[in-house]
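Enquirer: If you scroll down you'll find the structure; I have some questions about it.
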Amino acid sequence: MSQRTILFEISAGIARLTLNRPERLNSFNTDMHAEVRDALAALQQDTSARVLVITGAGRGFCAGQDLSDRVVAPGGESPDLGASIEHHYKPLILRLRQLPLPVIAAVNGVAAGAGANIALACDLVIAARSATFIQAFAKIGLVPDSGGTWILPRLVGQARALGLALLGDKLPAEQAAQWGLIWRCVDDVQLGAEVDTLAQQLAAAPTRGLARTKQAMLEGCRGFHGKARAAFHWPLSSRGNLRG
Ligand code: T3D
Numbered sequence: 008m009s010q011r012t013i014l015f016e017i018s019a020g021i022a023r024l025t026l027n028r029p030e031r032l033n034s035f036n037t038d039m040h041a042e043v044r045d046a047l048a049a050l051q052q053d054t055s056a057r058v059l060v061i062t063g064a065g066r067g068f069c070a071g072q073d074l075s076d077r078v079v080a081p082g083g084e085s086p087d088l089g090a091s092i093e094h095h096y097k098p099l100i101l102r103l104r105q106l107p108l109p110v111i112a113a114v115n116g117v118a119a120g121a122g123a124n125i126a127l128a129c130d131l132v133i134a135a136r137s138a139t140f141i142q143a144f145a146k147i148g149l150v151p152d153s154g155g156t157w158i159l160p161r162l163v164g165q166a167r168a169l170g171l172a173l174l175g176d177k178l179p180a181e182q183a184a185q186w187g188l189i190w191r192c193v194d195d196v197q198l199g200a201e202v203d204t205l206a207q208q209l210a211a212a213p214t215r216g217l218a219r220t221k222q223a224m225l226e227g228c229r230g231f232h233g234k235a236r237a238a239f240h241w242p243l244s245s246r247g248n249l250r251g
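For the sequence shown, the numbering used here assigns the number 8 to the initial residue and increments by one for each residue that follows.
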């Protein structure tokens, strides 16, 4: 699989996916969507992986959609943003939720727009103290996508969810941890080591049990019905005993 916009490797039971367009704060273009999709599909087939770590290259985690791909020339046709959500962002969020192994977001810097909600779709979010979470949609006339309207009120309650979504302000990682939006905030220099420790702990744990726990927890969330629930057909039986 050739990759230009991500780095992806699986070693010692730990899969690492690094969003790798640092000059654009790892925002998503069409190539990155395709490469992330292919990597997650490969991961689904690879029984050696027991935990996935997602992070960003450079100083950012992910700034959501690459807005330079959305510039419309005078008289040009506007892109279909709904189709972009339906074909790219929604399947990505559902796949992260459905992966039968724990997913860690190592948020090394700013996570904005869909980038913030991709991080929040992961099972454990650990962020560097300098990182921020921004529901940037409000600034550009969009409704929070990529699961934002579903997950934000469940994580932090309606008042804070609405504040974040309507104002689009930067939420520092430390406050995000205090609010329960994320699992932990650590000093920047500690992030790599903390994530490695967490990933090794999860890789050594009984993966099938963790996968069932994740599934049960997500299904237990009120409102987790319809298509998302129906999509929860995890191929646990095909993963052999490696993850048992
Ligand atoms: O369209 C659809 O498909 C629908 C789906 C939409 C999903 C979404 O994610 S919508 C939300 C899109 N994202 C944003 O609105 C965030 C835009 N970025 C920012 O607000 C700021 O860049 C940040 C707050 C994230 C970071 O600010 P700062 O001051 O730390 O960095 P910067 O200088 O703004 O950005 C650094 C570079 O990254 C800069 O490029 P340059 O000037 O050095 O050449 C900037 O243009 C670029 N960059 C940052 N975010 C994006 C981006 N380039 C393209 N798209 C971006 N989203």
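We put the beta carbon where it would ideally sit given N, CA and C, even for glycine.
Look at proline 109 and arginine 44 and say whether their C-beta atoms are less than 9 Å apart.
Expert: If you number the sequence shown from 1, residue 109 lands on position 102. If you number the sequence shown from 1, residue 44 lands on position 37. No; because the gap between Cβ atoms is not below 9 Å, this pair is not in contact.
Enquirer: Do proline 151 and leucine 162 count as a contact pair if the criterion is CB distance below 9 Å?
Expert: Translated into the one-based positions of the sequence shown, residue 162 becomes position 155. Translated into the one-based positions of the sequence shown, residue 151 becomes position 144. Taking 9 Å as the Cβ cut-off, leucine 162 and proline 151 do not qualify as a contacting pair.
Enquirer: I'd like to know if the stretch 100–118 and the stretch 74–87 are in contact, where contact means that at least 3 CB-CB pairs between them fall below 8 Å.
Expert: They do not touch, by the three-pair rule.
Enquirer: Between aspartate 76 and asparagine 36, which are expected to be in contact by the criterion C-beta below 8 Å, what is the C-beta distance as a whole number of angstroms?
Expert: Within the sequence shown, residue 76 is the residue found at index 69, counting from 1. Within the sequence shown, residue 36 is the residue found at index 29, counting from 1. Rounded, the Cβ-Cβ distance is 6 Å, consistent with contact.
Enquirer: Any contact of the stretch 134–141 with the stretch 191–206, i.e. 3+ C-beta pairs under 8 Å?
Expert: Yes: the two stretches touch, three or more of their Cβ pairs being nearer than 8 Å.
Enquirer: Kindly identify the DSSP beta-bridge partner or partners of glycine 63.
Expert: What you label residue 63 is simply residue 56 of the sequence shown in a count that begins at 1. Beta-bridge pairing links glycine 63 to Leu26.
Enquirer: Run through DSSP, which three-state label would leucine 85 get?
Expert: Locating residue 85 in the sequence shown gives position 78, where the first residue counts as 1. First, the residue type needs correcting, since residue 85 is serine and not leucine in the sequence shown. Residue state, collapsed to three classes: coil.
Enquirer: Report whether the distance from the Cβ of lysine 97 to the nearest heavy atom of the ligand T3D is below 8 Å.
Expert: Mapped onto the sequence shown, residue 97 falls at position 90. It does not: the Cβ of lysine 97 is nowhere closer than 8 Å to a heavy atom of the ligand T3D.
Enquirer: What does a CB cutoff of less than 7 Å around isoleucine 13 pick up in its chain, not counting 5 residues either side in sequence?
Expert: Walking along the sequence shown from the start, residue 13 turns up at place 6. Hits under 7 Å: Leu24, Thr25, Leu26, Asn27, Met39, Glu42, Val43 and Ala46.
Enquirer: Helix, strand or coil: which one does DSSP assign to glycine 20?
Expert: What you label residue 20 is simply residue 13 of the sequence shown in a count that begins at 1. Correct three-state label for glycine 20: coil.
Enquirer: Starting from the C-beta of phenylalanine 15, find all residues in its chain whose C-beta is less than 6 Å away, skip the five residues before and the five after it, and write them out in chain order.
Expert: As a working mapping, residue 15 is identified with position 8 in the sequence shown. Contacts found: Leu24 and Ala46.
Enquirer: Starting from the Cα of isoleucine 61, find the closest Cα among Arg215, Ala128, Ala112 and Gly187 and give me that residue.
Expert: For this step, residue 61 is matched to residue 54 along the sequence shown. Checking every option, the nearest Cα to that of isoleucine 61 belongs to Ala112.
Enquirer: Consider the C-beta atom of glycine 63 and the heavy atoms of the ligand T3D; say whether any pair is separated by less than 8 Å.
Expert: Within the sequence shown, residue 63 is the residue found at index 56, counting from 1. Not so, every heavy atom of the ligand T3D lies at least 8 Å from the Cβ.
Enquirer: Express the C-alpha separation of valine 117 and isoleucine 6 in angstroms, rounding to a whole number.
Expert: The first residue shown for the chain is 8 and the last is 251, placing residue 6 beyond what the model contains.
Enquirer: In terms of residues, what are the limits of the beta strand (DSSP E) holding valine 114?
Expert: The residue you call residue 114 lines up with position 107 of the sequence shown. Run containing valine 114: 110–114, per the beta strand (DSSP E) assignment.
Enquirer: Which of helix, strand or coil does DSSP assign to alanine 70?
Expert: Locating residue 70 in the sequence shown gives position 63, where the first residue counts as 1. Here alanine 70 sits in coil by DSSP.
Enquirer: Can isoleucine 158 be considered in contact with the ligand T3D, in the sense that its beta carbon sits closer than 8 Å to one or more heavy atoms?
Expert: Your numbering for residue 158 matches position 151 in the sequence shown. No; taking the cut-off as 8 Å, the Cβ of isoleucine 158 has no heavy atom of the ligand T3D nearer than that.
Enquirer: Just reading off the alpha helix (DSSP H) that lysine 97 is part of, what are its end residues?
Expert: Along the sequence shown, one-based indexing puts residue 97 at 90. Here the alpha helix (DSSP H) through lysine 97 covers 97–105.
Enquirer: Measuring only the C-alpha atoms, how far is leucine 249 from glycine 170?
Expert: To locate residue 249, count along the sequence shown from 1; it is residue 242. To locate residue 170, count along the sequence shown from 1; it is residue 163. Low confidence applies to leucine 249: its pLDDT is 41, below 50, so where it sits in the model is not reliable enough to give any reading.
Enquirer: Taking the beta carbon of lysine 234 as the centre, do at least 16 other beta carbons fall within 10 Å, making it buried, or is it exposed?
Expert: The count along the sequence shown starts at 1 and reaches residue 234 at position 227. Since pLDDT at lysine 234 reaches only 49, below the 50 mark, its modelled position is unreliable, and the value read off the structure follows with that caveat. Its Cβ having fewer than 16 others within 10 Å, lysine 234 is exposed.
Enquirer: Going by DSSP in three states, alanine 138 sits in which element: helix, strand or coil?
Expert: Your numbering for residue 138 matches position 131 in the sequence shown. Alanine 138: coil per DSSP, three-state reduction.
Enquirer: In terms of alpha-carbon separation, which member of Ala70, Gly164, Leu127 and Leu50 lies closest to serine 18?
Expert: In the sequence shown, the residue the question calls residue 18 occupies position 11. Nearest option by C-alpha distance: Leu50.
Enquirer: If we ignore side chains and look at the alpha-carbon of each, how far apart do arginine 167 and aspartate 203 end up?
Expert: Position 160 of the sequence shown, counted from the start, is the residue given in the question as residue 167. Position 196 of the sequence shown, counted from the start, is the residue given in the question as residue 203. C-alpha separation (whole angstroms): 31 Å.
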